[in-house]
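All remarks here apply to the structure that follows.
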Amino acid sequence: MRKVVMTWLTCVLLISFTHQANALDLRDRTTDLSDKPWSVTFNTPADPVTVNKDTVYIQSDDKGLLPSSLSISDDGKIIEVKPTKLYKPNVQYSLVILSKLRSKDQNIRLSKDTILKFKYEGAAYKSITAKPLPLGMNVIIQTKPEVKKIELTDAAGITHAMHRTGINQYSFVLLSQHIGDILNVRAYDANESILEDLAYELLDQQPIKETAN
């Protein structure tokens with residue numbers, strides 16, 4: 630397993646194999662990393678057979694699973710969960726560790742399901758919504774106040790300047806876009822410096838939930 634040298638990149642959860650019951654809901658968190666990994670540490674080695682995508686996973690608020698990779702340390706005490714698809718701004722995600730996971734030596738189940746809720750809050754974007762139109766998509770972005778310009782590059786590689794349509798809001802209508810297309814959105818500040826460059830996939834469960842101002 631690759632060791633994570635910069636420990637601030639991971640959130641370490643300490644979980645015990647015991648015979649106690651009760652579910653464990655942790656304090657909600659936010660991250661400014663769109664691909665933040667999560668590290669889970671156990672008090673005794675976990676059985677690697679029970680460590681899989683059915684027992685440890687990341688899901689979004691619509692219960693959809695976020696593609697991710699799992700790795701376990703040689704001693705079985707540390708599991709790292711890393712998304713293989715970037716988090717979307719201000720979508721509620723949950724890191725879930727089910728109690729079906731067992732210890733290696735004594736075959737003890739986890740005492741409880743563990744759920745860590747978190748959101749990705751980038752440097753520029755509060756929410757991104759893609760609303761279907763008869764001939765394309767209307768992309769609407771809510772931003773933080775420091776954003777002064779947004780450029781959007783469509784799946785064909787053509788870059789467009791998004792239109793300001795409200796306070797901290799930008800939009801642009803893309804024609805002939807399809808589900809699964811990847812867009813790139815770049816936010817700039819007043820000095821033309823890039824605040825955030827984000828890849829955004831058009832999904833079939835449009836529109837994506839927007840946040841309240």
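Residue numbers (my numbering): 630 to 842. Think of the CB as a built atom: it goes at the ideal place given N, C-alpha and C, for glycine as much as any other residue.
Identify, in the order they occur along the chain, each residue of the same chain with its Cβ nearer than 6 Å to the Cβ of Glu775, setting aside the five sequence neighbours on each side.
-> Asp818
Cβ distance (whole Å) where Ile701 is taken to contact Val680 below 8 Å = 5 Å
Q. How close, in whole Å, do the beta carbons of Leu730 and Thr660 come, if the pair is a contact with beta carbons under 8 Å?
A. Actually they do not touch by this definition, with Cβ atoms about 24 Å apart.
Practice task
Could you tell me if Gln771 is buried or exposed, where buried requires 16 or more neighbouring beta carbons within 10 angstroms of its beta carbon?
Solution key: Result: buried.
Is Pro718 helix, strand or coil when you go by DSSP?
Here Pro718 sits in strand by DSSP.
Report task. Keeping to the same chain, check which residues put their C-beta closer than 8 Å to that of Ala650; ignore five residues upstream and five downstream. Result -> Only weak support exists for where Ala650 lies, its pLDDT of 39 falling under 50; the coordinates are left without a value.
Distance, His789 Cα to Ala828 Cα
15 Å
* Straight-line Cα distance separating Ser756 from Val710 -> 24 Å
Query - Beta-carbon proximity of Lys706 to Pro666, cut-off 8 Å - result: no
message: For Lys746 and Ser723, which I take to be in contact (beta-carbon distance under 8 Å), what is that distance rounded to the nearest angstrom?
response: Going by Cβ atoms, the distance from Lys746 to Ser723 rounds to 5 Å, so yes, they are a contact pair.
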